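Heads up, the thing below is written out as structure tokens.
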Amino acid sequence: MKLTAHLNELDASDAAAFRKLAERLRSVPDREPSADLADRILAAVDAERGRSRRRTPAPWWGVAAAALLVAALSLFSVFRQGRTCGASAEDGLAWLAAAQEPDGTWSPAKYGGSEAYRPALTALSALALARGTEERYAPHLKRACAALASLQTADGAFGGQSRERLYNHALTTFALATLYSGQPALKPVLARAIAFSRAQQTAEGGWDYEPRSEGNAALTAWQVRALACAGRNGFGEAAVPLRKGLRWLRGSTREDGSVAYHRESFSRSDSLTALAAYTLITAGDAFPGLPALGRHVAGTLSAAPASEEVADCYRDYVKALAFESAGSGAQAAAVRQQMVARQKAGRRDQWQSVGGRLYTTALTQLAAR
Amino acid sequence: MIPYAQLTEMDDAALMLRARDDDREAFAVLVKRHQKMLLNFFARSGVQYDYEDLVQQTFLRLYRYRDRYVVTAKFTTFLFLLARQVWIDELRRRKRHERLAEGLAAEPHPDHVAPVAADAGAAGGMDLGPALASLPESLRQVVELGVYQDLPYAEIADILKIPVGTVKSRMFNALAKLRAYLEEK
Numbered sequence: 001m002k003l004t005a006h007l008n009e010l011d012a013s014d015a016a017a018f019r020k021l022a023e024r025l026r027s028v029p030d031r032e033p034s035a036d037l038a039d040r041i042l043a044a045v046d047a048e049r050g051r052s053r054r055r056t057p058a059p060w061w062g063v064a065a066a067a068l069l070v071a072a073l074s075l076f077s078v079f080r081q082g083r084t085c086g087a088s089a090e091d092g093l094a095w096l097a098a099a100q101e102p103d104g105t106w107s108p109a110k111y112g113g114s115e116a117y118r119p120a121l122t123a124l125s126a127l128a129l130a131r132g133t134e135e136r137y138a139p140h141l142k143r144a145c146a147a148l149a150s151l152q153t154a155d156g157a158f159g160g161q162s163r164e165r166l167y168n169h170a171l172t173t174f175a176l177a178t179l180y181s182g183q184p185a186l187k188p189v190l191a192r193a194i195a196f197s198r199a200q201q202t203a204e205g206g207w208d209y210e211p212r213s214e215g216n217a218a219l220t221a222w223q224v225r226a227l228a229c230a231g232r233n234g235f236g237e238a239a240v241p242l243r244k245g246l247r248w249l250r251g252s253t254r255e256d257g258s259v260a261y262h263r264e265s266f267s268r269s270d271s272l273t274a275l276a277a278y279t280l281i282t283a284g285d286a287f288p289g290l291p292a293l294g295r296h297v298a299g300t301l302s303a304a305p306a307s308e309e310v311a312d313c314y315r316d317y318v319k320a321l322a323f324e325s326a327g328s329g330a331q332a333a334a335v336r337q338q339m340v341a342r343q344k345a346g347r348r349d350q351w352q353s354v355g356g357r358l359y360t361t362a363l364t365q366l367a368a369r
Numbered sequence: 001m002i003p004y005a006q007l008t009e010m011d012d013a014a015l016m017l018r019a020r021d022d023d024r025e026a027f028a029v030l031v032k033r034h035q036k037m038l039l040n041f042f043a044r045s046g047v048q049y050d051y052e053d054l055v056q057q058t059f060l061r062l063y064r065y066r067d068r069y070v071v072t073a074k075f076t077t078f079l080f081l082l083a084r085q086v087w088i089d090e091l092r093r094r095k096r097h098e099r100l101a102e103g104l105a106a107e108p109h110p111d112h113v114a115p116v117a118a119d120a121g122a123a124g125g126m127d128l129g130p131a132l133a134s135l136p137e138s139l140r141q142v143v144e145l146g147v148y149q150d151l152p153y154a155e156i157a158d159i160l161k162i163p164v165g166t167v168k169s170r171m172f173n174a175l176a177k178l179r180a181y182l183e184e185k
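Residue numbers (our numbering), protein chains in the order written: chain A, 1 to 369; chain B, 1 to 185.
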């Protein structure tokens, strides 16, 4: 039975009225999909297919051995390099400038980190130098941008074979979009990078390393920051993935204002709550309600010093940004003080194995200004 | 490999079987064939500007769940089942966000004017959009599937997981409410 047969069963007056109503409803012309909708859908499917194929889990003993090796190298490097870097902002910038390689990159392996994250650490170090007011760092930045552009592969990504690939891509795209002004040579590089980001975005709007995932908050927030920055620099193609990414972040905010790594993760993450708050406030400023939501999320954070043994420069960096953007300057200052104090005390950082001293120095500089 | 032109001649079930074996071109034909139907399904649900995202999510679920398709099920029934689940998930997210937003003070943004959908009114002159939106979700879905998609009631019953008798009573109630709404205006 279809509607027509159903209406025939009704009494005549109802049937006539309902037929007229159904005709009226059907007379409305259908909407047409965007010309590129099918391509976008197929790109998302291709990305899903690619993620599924790339996922070849290493045996547990391989992972354990790699972790041990990284930890051993990190410890060795910490002792070899000395445990602290300059306390003042200018000392930190000068140290970063001096640590740049002749090819324009920064090598995390030399400072206790992993070489797999060379693009991401180059991006963060360049961003930190760019925040300085010193004109003398301009040549360093130019070399860094050229080096990052040269790392781009044919598909638009920025290096890496495994999980680090998307992390490198998000941070490098963010750095290049931030440093784009006055460097027209970066335009095709950024356009390819945005196309890669779009292709990697899940249908739900997030980004993740894992197949069959809607996204994780860390990677999604960095991608959103990159796309927002690119959009402000005139890359119109960033608008759609940006909106979807913000929508994913909004949907990942729990009722208590917290954000976790995955939507289904049990426990909240202070780092990701802060990163999401900052991203919603700054990248979502053209969307109604998002800055207010971001401030609400930031309001659930505490600036009180944590008593943990291991420092976490990443968490402190995003907390400082979240407090500052939410208008809580005093709390941001308190976090920065703790950050500098931890670095002075040479506290081992949670992210030591990723970026070593480059990471802690760059993030401390980025949080400080 | 079968030429693309030949794929476009195949029925949905045959294409889906090929897609199950990871034939990208077969999947592309399904996307192009059904994207408009899904787009209008979501657009009439009251989504203002995210309906293409929801279409994309539905096709991605179709890809993820392609192994679950059995030829005995009509393809569009399977597709609407997925679309309905995408829509339910979307509603849940919205409700959660609305609860969260209730706690936030209203904040006018200087650079933002509340968006007026460029296609406002496209749902049929002036009043059909609000009229449809005024229906409870359970009734609106019956109208969508029975009036716009012209699906048999048995298929609607499969998609919504309700008896055929309930489809009939919901359709009657939906049309009566729409009629009353439009007469009041």
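No residue lacks a Cβ here, since even glycine has one placed at the ideal position from N, Cα and C. These numbers were taken from a predicted model, which means no experiment stands behind them.
CB of residue i to nearest heavy atom of the ligand GTP: below 6 Å?
i       : result
A/Glu48 : The ligand GTP is absent from the structure shown, which contains no ligand whatsoever.
Against chain B, does residue i count as a neighbour if the rule is that its beta carbon must be under 7 Å from one of theirs?
i        : result
A/Phe266 : no
A/Ile41  : yes
A/Leu290 : no
A/Ala195 : no
A/Lys244 : yes
Locate the alpha helix (DSSP H) running through residue i, then write down its first and last residues.
i        : result
A/Pro188 : Lys187 to Gln200
B/Leu30  : Arg24 to Ala43
B/Glu184 : Val164 to Glu184
A/Gly299 : Looking at the DSSP string, A/Gly299 is not in any alpha helix (DSSP H), and its letter there is neither H nor E.
A/Lys20  : Ala12 to Arg26
B/Asp12  : Asp12 to Arg20
A/Phe323 : Cys313 to Ser325
A/Thr364 : Gln352 to Ala368
A/Asp270 : Asp270 to Ala283
A/Lys244 : Ala239 to Ser252
B/Val70  : That residue, B/Val70, is in no alpha helix (DSSP H); it is neither H nor E in DSSP.
B/Gly129 : Leu128 to Ala133
When burial is assigned at 16 or more other CB atoms within 10 Å of the CB, is residue i buried or exposed?
i        : result
B/Met1   : exposed
B/Val142 : buried
B/Arg84  : buried
B/Val55  : buried
A/Val297 : buried
A/Arg80  : Confidence in A/Arg80 is poor, its pLDDT being 39 and thus under 50, which makes the residue's placement unreliable; the coordinate value appears in the next sentence. With fewer than 16 Cβ atoms within 10 Å of its Cβ, A/Arg80 is classed as exposed.
A/Lys20  : exposed
A/Thr153 : exposed
A/Arg243 : buried
B/Leu139 : buried
A/Asp312 : buried
A/Asn168 : buried
A/His316 : With the sequence shown as reference, residue 316 of chain A is identified as Asp, and His is not the correct amino acid for it. Buried: at least 16 other Cβ atoms inside 10 Å.
A/Pro102 : exposed
Could you confirm whether any beta carbon from chain A is found closer than 7 Å to the beta carbon of residue i?
i        : result
B/Arg179 : yes
B/Ala43  : yes
B/Tyr4   : no
B/Lys32  : yes
B/Leu60  : yes
B/Leu135 : no
B/Leu175 : yes
Going along chain B, which residues have a C-beta under 8 Å from residue i?
i        : result
A/Ser34  : Glu52
A/Glu48  : Leu60, Tyr63 and Arg64
A/Arg247 : Asp50 and Asp53
Can you pull the chain A residues whose beta carbon is under 8 Å from the beta carbon of residue i, in chain order?
i        : result
B/Asp150 : Lys2 and Leu3
B/Gln57  : Ala203 and Glu204
B/Phe27  : Leu42 and Val45
B/Gln35  : Pro33, Leu37, Ala38 and Ile41
B/Leu128 : Arg24, Leu25 and Val28
So which residues on chain B does residue i lean against when the C-beta distance must stay under 9 Å?
i      : result
A/His6 : Gly146, Tyr153, Val167, Lys168, Met171 and Phe172
For residue i, which residues in chain B fall below 7 Å Cβ to Cβ?
i        : result
A/Ala212 : The sequence shown places Arg at residue 212 of chain A, rather than the Ala named in the question. Simply Arg64.
A/Ala22  : Val147
A/Ala17  : Arg179
For residue i, go through chain A and note every residue whose CB falls closer than 7 Å to its CB, in chain order.
i       : result
B/Leu39 : Arg31 and Pro33
With a threshold of 7 Å between beta carbons, is residue i in contact with chain D?
i        : result
A/Ala218 : In the displayed structure, chain D is absent; the protein chains listed are A and B.
Unbroken alpha helix (DSSP H) runs of length 4 or more, entirely within the region 128-152 of chain A: which are they? Counting only runs of 4 or more, we get 138-150.
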